[in-house]
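Quick notes on the structure that follows.
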Amino acid sequence: MKTMNQHNRFGLPVLFVVLLIFFAGCDDKAATNPQEEAPEIPPLSTFLMDFNSFDTTAALPKIGGNAFQQQDANWRWAGFKVGVWNVVITVNLAIPVAAFVESFKHEPVQQSDGSWVWAYNFGIGNSAKLRAFAENNEINWEMRITKPNQYTDFLWFTGVSNLTATEGTWQLNFSPNDPKPYIDILWHRNPQQGTADVRYTNVIPNNPGNGGYIFYGITNNSPFNAFYDIWNVELNNLTNIEWNRSDFHGNIIDPMHFGDADRHCWDTLDNGLIDITCQ
(Lines of atoms letter the chains of each structure in order from A and count residues from 1; the text may use other names and numbers.)
(Lines give C-alpha, C1' and ligand atoms only; values in the text may rest on other atoms or scores of the structure.)
Protein backbone atom coordinates (compact mmCIF):
# COMPACT_ATOMS: atom_id res chain seq x y z
CA MET A 1 0.00 0.00 0.00
CA LYS A 2 2.90 2.30 0.78
CA THR A 3 4.36 1.77 -2.71
CA MET A 4 1.02 2.54 -4.38
CA ASN A 5 0.63 5.73 -2.36
CA GLN A 6 4.08 6.85 -3.49
CA HIS A 7 3.07 6.33 -7.12
CA ASN A 8 -0.08 8.36 -6.55
CA ARG A 9 1.90 11.15 -4.92
CA PHE A 10 4.46 11.50 -7.72
CA GLY A 11 2.66 10.10 -10.78
CA LEU A 12 -0.21 12.60 -10.96
CA PRO A 13 1.96 15.75 -10.80
CA VAL A 14 4.25 14.34 -13.48
CA LEU A 15 1.25 13.58 -15.70
CA PHE A 16 -0.06 17.10 -15.15
CA VAL A 17 3.27 18.63 -16.20
CA VAL A 18 3.40 16.45 -19.31
CA LEU A 19 -0.09 17.58 -20.33
CA LEU A 20 0.84 21.22 -19.84
CA ILE A 21 3.88 20.82 -22.06
CA PHE A 22 1.80 19.05 -24.71
CA PHE A 23 -0.89 21.71 -24.89
CA ALA A 24 1.66 24.52 -24.73
CA GLY A 25 3.34 22.95 -27.75
CA CYS A 26 0.02 22.92 -29.58
CA ASP A 27 -0.46 26.63 -28.86
CA ASP A 28 3.03 27.43 -30.11
CA LYS A 29 2.38 25.53 -33.32
CA ALA A 30 -0.89 27.38 -33.87
CA ALA A 31 0.84 30.72 -33.32
CA THR A 32 3.65 30.06 -35.80
CA ASN A 33 1.41 28.45 -38.42
CA PRO A 34 -1.81 30.47 -38.29
CA GLN A 35 -2.98 29.38 -41.76
CA GLU A 36 -2.16 26.39 -43.90
CA GLU A 37 -3.74 28.03 -46.96
CA ALA A 38 -3.68 31.59 -48.21
CA PRO A 39 -6.79 33.62 -47.38
CA GLU A 40 -9.12 34.77 -50.13
CA ILE A 41 -8.62 38.38 -51.14
CA PRO A 42 -11.93 40.24 -50.69
CA PRO A 43 -13.54 41.03 -54.07
CA LEU A 44 -12.71 44.25 -55.89
CA SER A 45 -16.27 45.44 -55.20
CA THR A 46 -15.40 45.74 -51.49
CA PHE A 47 -12.72 48.29 -52.32
CA LEU A 48 -13.86 50.05 -55.49
CA MET A 49 -17.42 51.33 -55.44
CA ASP A 50 -19.40 50.47 -58.58
CA PHE A 51 -20.02 53.91 -60.04
CA ASN A 52 -20.62 52.31 -63.44
CA SER A 53 -23.89 50.90 -62.17
CA PHE A 54 -25.30 54.42 -62.49
CA ASP A 55 -23.83 54.99 -65.95
CA THR A 56 -26.84 55.71 -68.15
CA THR A 57 -25.07 57.41 -71.05
CA ALA A 58 -27.03 55.15 -73.39
CA ALA A 59 -29.98 57.42 -72.69
CA LEU A 60 -28.36 60.41 -74.40
CA PRO A 61 -29.62 59.58 -77.92
CA LYS A 62 -33.18 59.13 -76.64
CA ILE A 63 -33.82 62.85 -76.47
CA GLY A 64 -31.74 65.46 -78.28
CA GLY A 65 -30.50 68.96 -77.60
CA ASN A 66 -31.90 71.31 -75.00
CA ALA A 67 -35.09 69.29 -74.61
CA PHE A 68 -33.08 66.45 -73.08
CA GLN A 69 -31.37 68.76 -70.62
CA GLN A 70 -34.68 70.26 -69.54
CA GLN A 71 -36.60 67.02 -69.20
CA ASP A 72 -34.09 64.86 -67.33
CA ALA A 73 -33.21 67.25 -64.50
CA ASN A 74 -33.90 64.77 -61.71
CA TRP A 75 -31.75 61.96 -63.10
CA ARG A 76 -29.06 64.43 -64.19
CA TRP A 77 -28.79 65.89 -60.68
CA ALA A 78 -28.53 62.39 -59.20
CA GLY A 79 -25.77 61.57 -61.66
CA PHE A 80 -23.93 64.77 -60.76
CA LYS A 81 -24.02 64.00 -57.03
CA VAL A 82 -22.62 60.51 -57.61
CA GLY A 83 -20.10 61.82 -60.14
CA VAL A 84 -18.48 64.16 -57.62
CA TRP A 85 -17.40 61.20 -55.49
CA ASN A 86 -16.45 59.23 -58.59
CA VAL A 87 -13.98 61.94 -59.62
CA VAL A 88 -12.50 62.15 -56.12
CA ILE A 89 -11.87 58.41 -55.99
CA THR A 90 -10.66 58.09 -59.59
CA VAL A 91 -8.15 60.93 -59.35
CA ASN A 92 -6.79 60.47 -55.84
CA LEU A 93 -6.80 56.68 -55.54
CA ALA A 94 -5.67 55.63 -59.01
CA ILE A 95 -2.43 54.01 -57.80
CA PRO A 96 -3.76 51.96 -54.85
CA VAL A 97 -6.78 50.90 -56.90
CA ALA A 98 -4.50 49.72 -59.72
CA ALA A 99 -2.35 47.85 -57.21
CA PHE A 100 -5.38 46.10 -55.73
CA VAL A 101 -6.77 45.17 -59.15
CA GLU A 102 -3.44 43.58 -60.10
CA SER A 103 -3.29 41.47 -56.92
CA PHE A 104 -5.92 39.03 -58.19
CA LYS A 105 -3.60 37.98 -61.04
CA HIS A 106 -0.85 36.64 -58.77
CA GLU A 107 -0.23 33.82 -56.30
CA PRO A 108 0.91 34.48 -52.73
CA VAL A 109 3.95 33.07 -50.96
CA GLN A 110 3.84 32.12 -47.29
CA GLN A 111 6.39 33.87 -45.09
CA SER A 112 8.37 32.54 -42.13
CA ASP A 113 5.99 34.26 -39.70
CA GLY A 114 3.00 32.46 -41.21
CA SER A 115 1.68 35.46 -43.14
CA TRP A 116 1.08 35.46 -46.91
CA VAL A 117 2.46 38.00 -49.40
CA TRP A 118 1.39 38.75 -52.96
CA ALA A 119 4.37 40.53 -54.59
CA TYR A 120 4.20 41.88 -58.15
CA ASN A 121 4.82 44.78 -60.50
CA PHE A 122 2.07 46.96 -61.94
CA GLY A 123 1.69 50.09 -64.01
CA ILE A 124 4.87 51.87 -65.07
CA GLY A 125 7.67 51.13 -62.63
CA ASN A 126 5.45 50.38 -59.64
CA SER A 127 5.70 47.35 -57.39
CA ALA A 128 3.34 46.18 -54.66
CA LYS A 129 3.29 43.80 -51.73
CA LEU A 130 -0.09 42.78 -50.35
CA ARG A 131 0.34 41.03 -47.00
CA ALA A 132 -2.31 39.02 -45.16
CA PHE A 133 -2.14 37.52 -41.69
CA ALA A 134 -4.66 35.96 -39.32
CA GLU A 135 -5.34 37.50 -35.93
CA ASN A 136 -8.30 37.14 -33.54
CA ASN A 137 -10.26 35.06 -36.09
CA GLU A 138 -9.92 37.82 -38.68
CA ILE A 139 -7.69 38.46 -41.67
CA ASN A 140 -5.56 41.61 -41.59
CA TRP A 141 -4.39 43.19 -44.85
CA GLU A 142 -1.53 45.58 -45.65
CA MET A 143 -0.76 47.07 -49.06
CA ARG A 144 2.72 48.53 -49.48
CA ILE A 145 3.67 50.22 -52.76
CA THR A 146 7.07 51.21 -54.12
CA LYS A 147 8.03 53.56 -56.94
CA PRO A 148 11.82 53.75 -57.45
CA ASN A 149 13.43 57.07 -56.50
CA GLN A 150 10.13 58.34 -55.11
CA TYR A 151 8.92 56.14 -52.24
CA THR A 152 9.55 52.67 -50.84
CA ASP A 153 7.07 50.31 -49.19
CA PHE A 154 4.58 53.10 -48.53
CA LEU A 155 1.68 51.68 -46.52
CA TRP A 156 -1.12 52.93 -48.76
CA PHE A 157 -3.94 51.01 -47.16
CA THR A 158 -4.78 48.44 -44.52
CA GLY A 159 -7.86 46.33 -43.96
CA VAL A 160 -9.61 43.72 -41.87
CA SER A 161 -12.04 41.05 -43.12
CA ASN A 162 -13.80 38.12 -41.53
CA LEU A 163 -12.71 34.60 -42.41
CA THR A 164 -15.50 34.15 -44.99
CA ALA A 165 -14.84 37.52 -46.70
CA THR A 166 -18.43 38.67 -46.22
CA GLU A 167 -17.68 41.83 -44.24
CA GLY A 168 -14.77 44.06 -43.43
CA THR A 169 -13.08 47.44 -43.61
CA TRP A 170 -10.34 49.23 -45.52
CA GLN A 171 -8.42 52.30 -44.36
CA LEU A 172 -6.66 54.37 -47.04
CA ASN A 173 -3.96 56.99 -46.66
CA PHE A 174 -3.77 59.96 -48.99
CA SER A 175 -0.32 59.74 -50.60
CA PRO A 176 3.37 59.12 -49.86
CA ASN A 177 3.97 62.89 -49.77
CA ASP A 178 1.00 63.44 -47.46
CA PRO A 179 0.40 60.18 -45.56
CA LYS A 180 -2.63 61.34 -43.61
CA PRO A 181 -5.77 59.19 -43.19
CA TYR A 182 -8.01 59.74 -46.19
CA ILE A 183 -10.92 57.34 -46.73
CA ASP A 184 -12.40 54.63 -44.52
CA ILE A 185 -14.34 51.90 -46.32
CA LEU A 186 -16.95 49.72 -44.64
CA TRP A 187 -18.33 46.79 -46.66
CA HIS A 188 -20.72 43.84 -46.47
CA ARG A 189 -21.67 41.20 -49.03
CA ASN A 190 -24.02 38.22 -49.16
CA PRO A 191 -23.18 36.15 -52.27
CA GLN A 192 -26.07 33.77 -51.64
CA GLN A 193 -28.66 36.55 -51.66
CA GLY A 194 -26.85 38.70 -54.21
CA THR A 195 -26.78 41.74 -51.92
CA ALA A 196 -23.89 44.02 -50.96
CA ASP A 197 -23.05 47.49 -49.73
CA VAL A 198 -19.98 49.68 -49.38
CA ARG A 199 -19.51 53.04 -47.69
CA TYR A 200 -16.71 55.58 -48.25
CA THR A 201 -16.22 58.04 -45.38
CA ASN A 202 -13.98 61.11 -45.40
CA VAL A 203 -11.61 60.80 -42.41
CA ILE A 204 -9.10 63.53 -43.30
CA PRO A 205 -8.06 65.15 -40.00
CA ASN A 206 -9.24 68.75 -39.53
CA ASN A 207 -10.94 68.69 -42.93
CA PRO A 208 -14.29 70.52 -43.23
CA GLY A 209 -15.74 67.47 -44.99
CA ASN A 210 -14.59 64.98 -42.32
CA GLY A 211 -17.47 62.59 -41.66
CA GLY A 212 -19.05 63.02 -45.07
CA TYR A 213 -19.80 59.80 -46.91
CA ILE A 214 -21.27 58.03 -49.90
CA PHE A 215 -23.06 54.75 -49.24
CA TYR A 216 -23.87 52.38 -52.12
CA GLY A 217 -25.90 49.20 -51.93
CA ILE A 218 -27.53 46.45 -53.98
CA THR A 219 -30.67 44.94 -52.48
CA ASN A 220 -33.49 42.57 -53.34
CA ASN A 221 -36.11 45.27 -52.84
CA SER A 222 -38.72 46.07 -55.48
CA PRO A 223 -39.03 48.12 -57.59
CA PHE A 224 -35.80 49.88 -56.55
CA ASN A 225 -32.93 47.47 -55.92
CA ALA A 226 -29.95 49.84 -55.76
CA PHE A 227 -29.23 53.02 -53.83
CA TYR A 228 -26.77 55.77 -52.99
CA ASP A 229 -26.92 57.80 -49.78
CA ILE A 230 -24.66 60.86 -49.82
CA TRP A 231 -24.03 62.86 -46.66
CA ASN A 232 -22.54 66.34 -47.06
CA VAL A 233 -21.42 67.25 -43.56
CA GLU A 234 -20.56 70.84 -44.48
CA LEU A 235 -24.07 71.50 -45.81
CA ASN A 236 -25.79 69.25 -43.27
CA ASN A 237 -27.55 67.65 -46.23
CA LEU A 238 -28.42 64.00 -46.91
CA THR A 239 -29.17 62.96 -50.50
CA ASN A 240 -30.99 59.67 -51.10
CA ILE A 241 -30.97 58.08 -54.56
CA GLU A 242 -32.62 54.81 -55.50
CA TRP A 243 -33.23 53.15 -58.84
CA ASN A 244 -34.04 49.94 -60.67
CA ARG A 245 -30.92 48.27 -62.05
CA SER A 246 -32.80 46.77 -65.00
CA ASP A 247 -34.67 49.71 -66.52
CA PHE A 248 -32.99 52.54 -64.55
CA HIS A 249 -36.14 54.36 -63.43
CA GLY A 250 -35.65 55.89 -60.00
CA ASN A 251 -35.86 58.89 -57.73
CA ILE A 252 -33.84 61.31 -55.65
CA ILE A 253 -34.44 63.15 -52.38
CA ASP A 254 -32.21 66.18 -51.86
CA PRO A 255 -33.62 68.83 -49.48
CA MET A 256 -30.85 71.34 -50.16
CA HIS A 257 -31.26 71.22 -53.95
CA PHE A 258 -35.01 70.85 -54.32
CA GLY A 259 -36.08 72.79 -51.23
CA ASP A 260 -38.21 69.92 -49.93
CA ALA A 261 -37.94 66.37 -48.60
CA ASP A 262 -40.03 64.84 -51.40
CA ARG A 263 -39.01 62.22 -53.93
CA HIS A 264 -38.23 63.55 -57.41
CA CYS A 265 -38.55 60.78 -60.00
CA TRP A 266 -37.39 59.89 -63.50
CA ASP A 267 -38.64 57.40 -66.09
CA THR A 268 -36.99 54.30 -67.53
CA LEU A 269 -33.91 54.28 -69.76
CA ASP A 270 -36.06 53.39 -72.79
CA ASN A 271 -38.14 56.50 -72.14
CA GLY A 272 -35.09 58.75 -71.86
CA LEU A 273 -34.94 59.06 -68.05
CA ILE A 274 -37.24 62.08 -68.28
CA ASP A 275 -38.75 63.63 -65.17
CA ILE A 276 -42.06 62.08 -64.15
CA THR A 277 -44.54 62.41 -61.30
CA CYS A 278 -43.68 60.00 -58.52
CA GLN A 279 -46.23 57.27 -57.94
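My numbering puts the first residue of the sequence shown at 33, with every later residue one more than the last.
Note that the Cβ used here is the ideal one computed from N, Cα and C, for glycine as well.
Since the model is a prediction, treat every value here as computed from it, not as a measurement.
- Looking at the DSSP output, E274 shares a beta bridge with F259 and N283.
- For K113, the enclosing alpha helix (DSSP H) has its first and last residue at A105 to N124.
- Annotation: the continuous beta strand (DSSP E) that includes C297 extends over H296 to W298.
- Within the region 212 to 242, the runs of beta strand (DSSP E) that reach at least 3 residues and sit entirely inside it are, in chain order, 227 to 234.
- Counting of Cβ neighbours within 10 angstroms places F189 among the buried residues, the total reaching 16 or more.
- Contact annotation: S85 and A258 have beta-carbon atoms nearer than 8 Å.
- According to DSSP, residue pairing for T198 in a beta bridge does not occur.
- Here the region 115 to 131 lies against the region 152 to 159, with 3 or more beta-carbon pairs under 8 Å apart.
- Within the DSSP secondary-structure output, Q142 pairs in a beta bridge with W148.
- For P75, same chain residues with a beta-carbon under 8 Å away, outside a window of 5 residues either side, are A197 and R221 in chain order.
- Taken atom to atom, the span from the alpha-carbon of N272 to that of D145 is near 46 Å.
- With fewer than 16 other Cβ atoms inside 10 Å of its own Cβ, M288 counts as exposed.
- Counting along the chain, no beta strand (DSSP E) covers M81, and no H or E run does either.
- Comparing alpha-carbon positions, the option among V265, G226 and N209 lying closest to G249 turns out to be G226.
- A straight-line Cα-Cα distance of about 19 Å links E68 and V192.
- Counting C-beta atoms within 10 angstroms of its own C-beta, A293 has fewer than 16 neighbours from the protein chains shown and is therefore classed as exposed.
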